[in-house]
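Participant: Once you know that position 134 of the sequence shown is 156 in this note's numbering, the rest is easy, because the numbers rise by one and skip nothing.
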Amino acid sequence: YKFNNKNFEIMGGYLSPALVLDHFEHEINVVLGGIERPDGTRVPAKICLLAGADLVQTMSTPGNDDLDHILGGYGACIIEREGTDIDDALSSLQNYKDNIHVVKQLIQNNVSSTKIRLFLRKELSIRYLIPSPVINYIEEHNLYQEDGISSMKDKGNAEGTQNPGRTSPAIGSSGSKNHLDKAS
């Protein structure tokens, strides 16, 4: 089963994490009836927010109406981020400590969705920042668009036919003229 998130993903602009979590909770646990086990039975999936510690710092700002809905209802897995003090980031969220799980960063990695969007907007390669299947997903679903125009320029494929969002220099296709994409 493939989620039908076409309308959901192309809404553009900011989407409240609470709405995103509600959407996937419904799609996975209501529409699909949960996750299928090897014996064929289904169990409800635990849906939670996956976020970098840098996002958690902004979530703890007073006035966030969705905070209780997100952390109280769903919980979160928080990835340590370079330059963010995890204890400081979580200090104002103590009411939700049982629903927050910190993933320790064993290897330094400061890649974030914000940086991916920035690289694409500046037409820089993301080829070595994230795995190829993630790049393919971004392309296939036309993610990270601004004002209805993809951040990944439509350059056509190697055969010269138009195929929106593919073979962009930002993606790192073999036909790219961007020196950042060429393997050394």
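Ideal Cβ positions, reconstructed from N, Cα and C, are used throughout, including at glycine.
(1) In whole angstroms, give me the CA-to-CA distance for residue 94 and residue 64.
(2) DSSP beta-bridge partners for residue 57?
(3) May I ask you to list the residues that DSSP assigns as paired with residue 100?
(4) When DSSP labels each residue in this structure, what does residue 79 get in the three-state scheme?
(5) When burial is assigned at 16 or more other CB atoms within 10 Å of the CB, is residue 58 buried or exposed?
(6) For residue 167, does the three-state DSSP call read helix, strand or coil?
(7) Whose C-alpha, out of 128, 45, 107, is nearest the C-alpha of residue 70?
(8) In terms of residue numbering, what span does the alpha helix (DSSP H) encompassing residue 44 cover?
(9) Can you give me the C-alpha to C-alpha distance between residue 112 and residue 125, rounded to a whole angstrom?
(10) Does the count of Cβ pairs from the stretch 137-144 and the stretch 98-118 closer than 8 Å reach three?
Facilitator: According to the structure shown:
(1) 24 Å
(2) 65
(3) 73, 124
(4) helix
(5) exposed
(6) strand
(7) 45
(8) 39-47
(9) 13 Å
(10) no
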